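Numbering (the working numbering), first residue to last: 687 to 1161.
Each residue gets a CB set at the ideal place from its N, CA and C atoms; glycine is no exception.
These numbers were taken from a predicted model, which means no experiment stands behind them.
One structure is given below, encoded as structure tokens.
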């Protein structure tokens, strides 16, 4: 058995075996302090005990009272460190605690936790004896930085998820296409806070502005040059970011240093562009680029939903037999046209048509023939009307025609031509021809307080036409 005293071992602390070797302990008091990171400076006795960090990382910690070593402290930490130490020097306290970065002999930044206590001061109050400890916390700081990055990323992901959830809710709850686009753009602008955001939809080879955070007037049309970000994004088919290259945008006239544009697709086909713009160079970050991809997808879904909804609404607004618009849809259009007429003081005419003796057609030839008569009648009316005119099946054999921007004389002319054209329609399997009676009314803001008022006035004219022998127009 080896009975030698380990305290007499002359080897330094760096040569010690791991802690599992119970009897391999420091040979003296000073080596133990150095190993633990402790240091002592006694200016009265002229003694210094340096720690392992001083020996490992160079002479920059050799004398904490000599401020030359501060040149190696990280610039972001230097002022804070100097302030803390000078507070101790000036007698505001005897304890110094600080975390800071300092450059070692290899040129790398290491983090140091320094704690020191003043033991003795001279008659002028200057510290002449102090002890402390230095701990290398570089690994700890790196872990904290990674943890902060992970936390920040998690927070960003959570915010992104919530923002995209809101965008999803918009798609599920809003049937109004314009409203859905505006709300999605607002949410996108919250997540990508640039100075301007816009949504353009391709319409007849031009770009229609559908939503914008700056311009109040929407539904504007633009023909952009090939150098415009919208055109370049569509051509490339992918996300484009223009940095430090001022681009003149004819739709607003500004020179913007950062532009980010992403195509909006439906089933792979480009249908528009979402674009963000800002004056600051390098404004758009990775998270912004990631978000614009998602928002472009949501806008594409909104466009597709609007298309489906428009088709379904169009089908629901049409009479299945005649293809004419339904009474409900007609009343919506009448309300819209009356509002426009009030605003512009433009004329609006209404024709109420009723097939003469249609009940006899059904009774004599059957309902299938009656249905065919209605189809032929409807096709004839559509061919006679202008593209701006609106016709609907009001009920049974009654039809209504709205004539926007049409004066009385023009409305009478259209009605009389309808009578002549309809009288050429022959009843299937018969030598008889059909005829129509028409009542005409012009919108009058003083007479028509309700939507039904103009219809009732046209209806009264229609009954007079029936009483006068049918196959005629009365106003």
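Beta carbon proximity, residue i to chain C, threshold 8 angstroms
| i | result |
| --- | --- |
| residue 909 | As a matter of chain content, chain C is missing from the structure shown, which is built from one protein chain. |
Supposed contact pair residue j and residue i - C-beta distance, whole angstroms, cut 8 angstroms
| i | j | result |
| --- | --- | --- |
| residue 1038 | residue 1125 | 4 angstroms |
| residue 943 | residue 967 | 5 angstroms |
| residue 994 | residue 1004 | Contact doesn't hold; Cβ gap of about 16 angstroms is too wide. |
| residue 804 | residue 786 | With a Cβ gap of about 19 angstroms, residue 804 and residue 786 do not count as contacting. |
| residue 1051 | residue 1116 | 7 angstroms |
| residue 871 | residue 892 | Residue 871 to residue 892, Cβ: 20 angstroms. No contact. |
| residue 1064 | residue 1129 | Going by Cβ atoms, the distance from residue 1064 to residue 1129 rounds to 24 angstroms, so no, they are not a contact pair. |
Chain-order list of residues whose beta-carbon lies under 7 angstroms from that of residue i (same chain, five-residue window excluded)
| i | result |
| --- | --- |
| residue 1100 | 1089 |
| residue 969 | 880 and 944 |
| residue 729 | 814 and 815 |
| residue 764 | 756 |
| residue 1015 | 1003 and 1078 |
| residue 1150 | 1160 |
Opposing strand residues paired with residue i [DSSP bridges]
| i | result |
| --- | --- |
| residue 1196 | The shown model of the chain, from 687 to 1161, leaves out residue 1196, and the question about it has no answer. |
| residue 908 | 893 |
| residue 917 | According to DSSP, residue 917 bridges with nothing at all. |
| residue 797 | 787 |
| residue 948 | 960 |
| residue 1011 | 1004 and 1078 |
| residue 1125 | 1038 and 1160 |
| residue 724 | 819 |
| residue 1115 | In the DSSP output, where bridge partners are listed per residue, residue 1115 has none listed. |
| residue 782 | 802 |
| residue 883 | 962 |
| residue 1090 | 1034 |
| residue 813 | 807 |
| residue 735 | 726 |
| residue 763 | In the DSSP output, where bridge partners are listed per residue, residue 763 has none listed. |
Inter-residue spacing [alpha-carbon to alpha-carbon] between residue i and residue j
| i | j | result |
| --- | --- | --- |
| residue 1098 | residue 1086 | 14 angstroms |
| residue 823 | residue 801 | 13 angstroms |
| residue 884 | residue 1138 | 41 angstroms |
| residue 777 | residue 783 | 15 angstroms |
| residue 1134 | residue 1108 | 30 angstroms |
| residue 1132 | residue 1093 | 17 angstroms |
| residue 1023 | residue 1156 | 29 angstroms |
| residue 788 | residue 827 | 13 angstroms |
| residue 1144 | residue 1007 | 25 angstroms |
| residue 808 | residue 781 | 17 angstroms |
| residue 866 | residue 1013 | 28 angstroms |
| residue 890 | residue 980 | 26 angstroms |
| residue 766 | residue 755 | 15 angstroms |
| residue 913 | residue 850 | 31 angstroms |
| residue 1066 | residue 1120 | 12 angstroms |
| residue 975 | residue 837 | 20 angstroms |
| residue 1018 | residue 1034 | 15 angstroms |
| residue 1031 | residue 1025 | 10 angstroms |
| residue 669 | residue 1127 | This structure cannot settle anything about residue 669, because the visible part of the chain is limited to 687 through 1161. |
| residue 888 | residue 1103 | 39 angstroms |
| residue 1009 | residue 1068 | 10 angstroms |
| residue 1142 | residue 1036 | 11 angstroms |
| residue 1159 | residue 1084 | 14 angstroms |
| residue 1195 | residue 818 | Since the first residue of the chain shown is 687 and the last is 1161, residue 1195 is not available in this structure. |
| residue 1152 | residue 1042 | 8 angstroms |
| residue 770 | residue 965 | 41 angstroms |
| residue 920 | residue 956 | 7 angstroms |
| residue 1105 | residue 1044 | 15 angstroms |
| residue 946 | residue 927 | 4 angstroms |
| residue 1076 | residue 896 | 26 angstroms |
| residue 878 | residue 830 | 28 angstroms |
| residue 768 | residue 915 | 51 angstroms |
| residue 1091 | residue 1074 | 9 angstroms |
Close beta carbons around residue i, own chain, < 8 angstroms, minus the five adjacent residues each side
| i | result |
| --- | --- |
| residue 842 | 973 |
| residue 952 | 986, 989, 990 and 993 |
Closest by C-alpha distance to residue i, when choosing among the options
| i | options | result |
| --- | --- | --- |
| residue 1227 | 888, 863, 886 and 845 | The structure shown has nothing for residue 1227, since the chain only spans 687 to 1161. |
| residue 773 | 735, 794, 813 and 1057 | 813 |
| residue 948 | 804, 930 and 978 | 978 |
| residue 718 | 818, 728 and 737 | 737 |
| residue 1021 | 791, 1063 and 1136 | 1136 |
| residue 982 | 1026, 1069, 1030 and 875 | 875 |
| residue 740 | 768, 771, 798 and 757 | 798 |
| residue 1062 | 1084, 1113 and 1033 | 1113 |
| residue 793 | 758, 769 and 764 | 758 |
| residue 1164 | 1096, 1060, 1074 and 1095 | Residue 1164 lies beyond the range of the chain shown here (687 to 1161); nothing can be said about it. |
| residue 1082 | 832, 727, 810 and 1053 | 1053 |
| residue 961 | 760, 795, 918 and 997 | 918 |
Cut-off 6 angstroms between Cβ atoms - residues of its own chain near residue i, not counting five sequence neighbours on either side
| i | result |
| --- | --- |
| residue 821 | 723 and 799 |
| residue 1048 | 1056 |
| residue 852 | 873 |
| residue 894 | 887 and 907 |
| residue 863 | 992 |
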